[in-house]
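Heads up: the structure comes next, in structure tokens.
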Amino acid sequence: MSSLFKMRILSFKKNKRAVFSLYLFI
1 MSSLFKMRIL SFKKNKRAVF SLYLFI
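As numbered in full-length UniProt numbering, residues 1 to 26 make up the sequence shown, in order.
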């Protein structure tokens, strides 16, 4: 469960980063 939670946070951070770069690109 802990590893799954970590993976979820990692994916969320990655998604946030992607959204941020998209925002910067626009």
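Even for Gly, the Cβ is constructed at its ideal location relative to N, Cα and C.
In the three-state reduction of the DSSP assignment, I9 falls in the helix class.
S2 and F25 have their C-alpha atoms roughly 34 Å apart.
One alpha carbon belongs to S21, the other to I9, and they sit about 18 Å apart. Rounded to the nearest whole angstrom, the CA to CA distance from K6 to R17 is 16 Å.
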